[in-house]
Structures are given as C-alpha cells and as structure tokens.
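J.:
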Amino acid sequence: MTIPMNDRAAWVKGGLAQCSHPPVPVRGPRRLILLGAPGAGKGTQAEMLSRGGGGCQLSTGDIFRASKSLVTADQSPAVRGALEAMARGDLVSDETVLEMVRERMRCLRCNGGILLDGFPRTVAQAAALGQLLEEENIKLDAVLSYEMPLEIIVDRLGGRRTCESCKAVFHVETKPPLVAGVCDRCGGNLRQRQDDAPEAVSIRMAAYKESTAPLAEFYEMQGLLLSISAVGTPEEVYQRTLDALDRHLAEGPAHSEAVPD
Ligand code: AP5
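By this note's numbering, the letter at position 91 of the sequence shown is numbered 91, and the numbering carries on one by one without gaps.
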C-alpha cells in the first residue's frame with residue numbers, strides 16, 4: 001500500500017492548521033530522532049523512513065523556513081531573530097525553538113509516529129524534550145546518528161535544491177529532478193537554500209561541532225544512540241538504517257501508547 005505524503009501543515013504552520021493526510025494511528029508507532037551534521041542526509045532519510053513505515057518528518061528548520069513567507073508585519077521579533085540567525089548559519093536560540101515545539105505538542109503525541117529532524121540540537125533542547133515526552137508518557141525508540149566526512153558534506157550542500165512548495169529535496173548530481181528547476185512531486189520551483197552559501201555552511205559546521213555533536217554522548221548514555229554511516233547512496237544509507245533499527249528494537253523496544261488528541 002502506498003502511504004500518501006502528508007503536507008505536515010500542523011507542524012510547519014502550527015496554530016490550528018490541519019495536516020492534509022493525518023497519519024494513520026498505529027500500535028507501537030516509531031518515535032525517532034535523526035542527528036547528524038548539516039547535509040549528512042537527515043531530511044532525505046526522514047522522508048524515506050516516513051514513506052516506508054509512516055511517521056511524520058518533523059523538522060524545526062522547516063518551521064523557520066515556512067515563517068519566512070509571512071509578511072514582515074506578521075513575523076514576531078522571535079521569528080525575525082530566528083531567520084537572521086539561520087541566514088548567518090548560527091543556531092536559533094533554545095528559547096525560540098522550544099517555544100515553537102511546545103506550541104506543536106499535538107504533533108509529538110501523534111499516534112502515527114514521529115521522525116524528529118534537526119531537533120533537538122543542543123543538550124538544553126534535548127533535556128527539555130525529555131521532560132516534555134516524560135510528561136506525556138511518550139518514549140523514544142532510538143536516536144539515529146548519521147556520520148559523514150566533511151568533504152562529502154560540502155558537495156551535498158552545494159548541490160542541494162529544495163522545492164519552495166512541498167519542501168522535497170533534490171541534488172543537481174545525485175538526485176536531479178526530471179526537469180531542471182522543477183519539483184517532480186508537485187511542480188513547484190526548486191531553489192538553493194540561503195544557508196547553503198559557503199560562508200553560512202562553515203558557521204553551521206562550527207555550530208554543529210560545538211552544540212550538536214555532544215548530543216551523541218547524551219543519547220548514548222540512555223542506550224538510544226545508533227551510529228550509522230551516511231556514506232553511499234540514499235538507498236544504501238536507508239537499508240543500513242533499517243538494519244540498525246531492527247537490531248536495536250529486537251534487543252528491547254521502548255514503545256509507549258500516547259493518548260490521541
Ligand atoms: P535544518 O533545516 O535542520 O538544516 P541542517 O541540520 O543544517 O540539515 P540540512 O537540512 O542542511 O541537511 P540534511 O542532513 O537534512 O541533508 P539533506 O537530506 O537535505 O536547520 C537549518 C537552520 O535552522 C539551522 O542552521 C539553524 O539556524 C536553524 N535550526 C533548525 N533547527 C534548530 C534547532 N533545533 N535549534 C537551533 N537552531 C535550529 O541532504 C543534503 C543534500 O545531499 C540533498 O541535496 C540530498 O539530495 C543529498 N543527499 C542526501 N543523502 C545523500 C546520499 N546518501 N548520497 C548522495 N546525496 C545525498
């Protein structure tokens with residue numbers, strides 16, 4: 001059965017927005033975090049995991065990019081600060097990120113499963129997320145940590161093109177669209193992300209090393225970390241992910257049933 005792609009409106013837009021295809025509730029939904037340096041392929045793997053086994057790709061980067069299309073008067077000072085930080089390649093403040101996530105608690109509770117992409121990104125965010133999940137009696141299944149050498153990352157980010165409408169991700173060499181500049185999925189325009197410019201990439205890498213890399217140890221201590229090589233084709237990395245997840249879940253899954261909205 002093909003699972004229709006969800007537009008994730010409840011996550012991306014927040015407020016009362018409803019998803020186009022709310023995920024079908026499943027028993028023991030998968031709840032995963034995807035970690036990795038910028039360009040390691042977290043978004044690509046999250047999309048494949050979502051298509052293959054359900055669960056929503058919940059990217060905090062997508063929330064901020066979506067608020068870019070709001071007219072300036074509708075952007076709160078926090079959102080304006082977040083967009084400036086992103087454009088430079090810096091992390092958005094923990095306070096702003098956590099406020100956005102708290103507003104979207106119904107997505108974390110989703111009984112179709114969740115694939116957290118780019119959140120948490122600091123130890124403070126991880127601790128706050130742990131508390132939110134504990135309050136809801138939601139347990140994470142695993143944290144997927146995608147490992148990749150720096151020189152490949154730079155190539156991946158330089159060639160990335162993202163659909164303005166549905167956020168599908170392409171690469172000019174490794175995953176070109178059928179028609180240059182046009183999204184295969186929805187026909188939207190493909191654009192290069194502002195923070196994929198070389199100056200912003202080096203700032204993003206530094207922020208990753210300083211703030212996000214320590215999360216691996218944080219989740220290793222909880223027995224949740226699965227290190228996965230992100231080298232190879234998206235399909236090879238996906239297969240490695242499924243194998244690692246199967247092994248981990250066979251050792252003792254940590255599913256919980258969340259209360260539906
Ligand atoms: P975010 O949107 O989360 O970006 P990121 O973590 O920097 O990650 P990317 O989206 O750049 O890369 P990816 O790993 O998803 O790679 P992808 O699959 O696209 O965050 C952006 C900014 O928002 C941050 O810098 C920060 O300012 C702010 N922000 C967001 N969350 C925050 C938080 N929690 N706290 C603070 N600030 C936050 O792949 C890259 C390219 O490679 C694509 O073109 C793809 O087609 C290609 N590719 C992927 N896999 C392969 C493969 N196996 N082989 C060949 N090509 C591949």
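We put the beta carbon where it would ideally sit given N, CA and C, even for glycine. Predicted model only: the values in this text are computed from it and were never measured.
Are there 16 or more other CB atoms within 10 angstroms of the CB of Lys68, so buried, or fewer, so exposed?
T.: Taking the first residue of the sequence shown as 1, we reach residue 68 at position 68. Under this definition Lys68 is an exposed residue.
J.: Looking at the unbroken alpha helix (DSSP H) that takes in Arg80, where does it start and where does it end?
T.: Here the question's residue 80 lines up with position 80 in the sequence shown. Looking at the DSSP string, the run of the alpha helix (DSSP H) that includes Arg80 is 77-88.
J.: Taking a contact to mean a Cβ-Cβ separation below 8 Å, would you say Leu150 touches Leu140 in this structure?
T.: Start at 1 with the first residue of the sequence shown, and residue 150 comes out as number 150. Start at 1 with the first residue of the sequence shown, and residue 140 comes out as number 140. No, they are not a contact pair.
J.: Using CA coordinates, which residue listed in Phe119, Asn189, Leu35 is at the minimum distance from Cys166?
T.: For the purposes of this step, residue 166 is identified with residue 166 of the sequence shown, where counting begins at 1. Nearest C-alpha to Cys166: Asn189.
J.: Which residues in the same chain have their Cβ closer than 7 Å to the Cβ of Val172, if we skip the five residues on either side of it in sequence?
T.: By one-based count along the sequence shown, residue 172 stands at place 172. Contacts found: Gly159, Arg161.
J.: Quick one: using the 10 Å Cβ neighbour count with 16 as the cut-off for buried, is Val259 buried or exposed?
T.: As a working mapping, residue 259 is identified with position 259 in the sequence shown. Per-residue confidence for Val259 stands at a pLDDT of 39, beneath the threshold of 50, marking its modelled position as unreliable; no derived number is given.
J.: Quick check: the Cα distance between Gly41 and Gly252, rounded to an integer number of angstroms?
T.: Taking the sequence shown and counting its residues from 1, the one referred to as residue 41 is at position 41. Taking the sequence shown and counting its residues from 1, the one referred to as residue 252 is at position 252. Computed Cα separation, rounded: 27 Å.
J.: Measure from the alpha carbon of Met100 to the alpha carbon of each residue in Asp117, Phe64, Gln75, then state which is nearest.
T.: In the sequence shown, residue 100 corresponds to position 100, counting from 1. Per the Cα distances, Phe64.
J.: Excluding five sequence neighbours on each side, which residues of the same chain lie with their C-beta closer than 6 Å to the C-beta of Arg240?
T.: The residue labelled residue 240 in the question sits at position 240 within the sequence shown. Same-chain partners within the cutoff: Ile228.
J.: Quick check: the segment 107-122 against the segment 30-41, are there 3 or more CB pairs under 8 Å?
T.: With the cut-off at 8 Å, the segment 107-122 and the segment 30-41 touch.
J.: So Phe170 is in the beta strand (DSSP E); what residue range does that whole segment cover?
T.: Within the sequence shown, numbered from 1, the residue matching residue 170 stands at position 170. That run of the beta strand (DSSP E) goes 169-171.
J.: Report the option in Met48, Gln45, Ala66, Ser202 whose CA atom is closest to the CA atom of Ala9.
T.: As a position in the sequence shown, residue 9 is number 9, starting the count at 1. That would be Ala66, whose Cα lies nearest to the Cα of Ala9.
J.: Between which residues of its own chain and Ala87 is the CB-CB distance below 6 Å, once the five residues before and five after are set aside?
T.: Translated into the one-based positions of the sequence shown, residue 87 becomes position 87. Hits under 6 Å: Gln194.
J.: Determine the burial state of Thr122: buried for a count of at least 16 other Cβ atoms within 10 Å of its Cβ, exposed for fewer.
T.: Indexing the sequence shown from 1 puts residue 122 at position 122. That one is buried.
J.: Tell me the DSSP bridge mates of Thr241?
T.: By 1-based counting over the sequence shown, the position of residue 241 is 241. Thr241 pairs with nothing; no bridge assigned.
J.: Who are Ile228's beta bridge partners in DSSP?
T.: In the sequence shown, counting from the first residue as 1, residue 228 sits at position 228. DSSP, once it has assigned bridges, lists Tyr146 as partnering Ile228.
J.: Between Ser211 and Leu91, is the Cβ-Cβ spacing less than 8 Å?
T.: If you number the sequence shown from 1, residue 211 lands on position 211. If you number the sequence shown from 1, residue 91 lands on position 91. Their beta carbons are under 8 Å apart, which means Ser211 touches Leu91 by this criterion.
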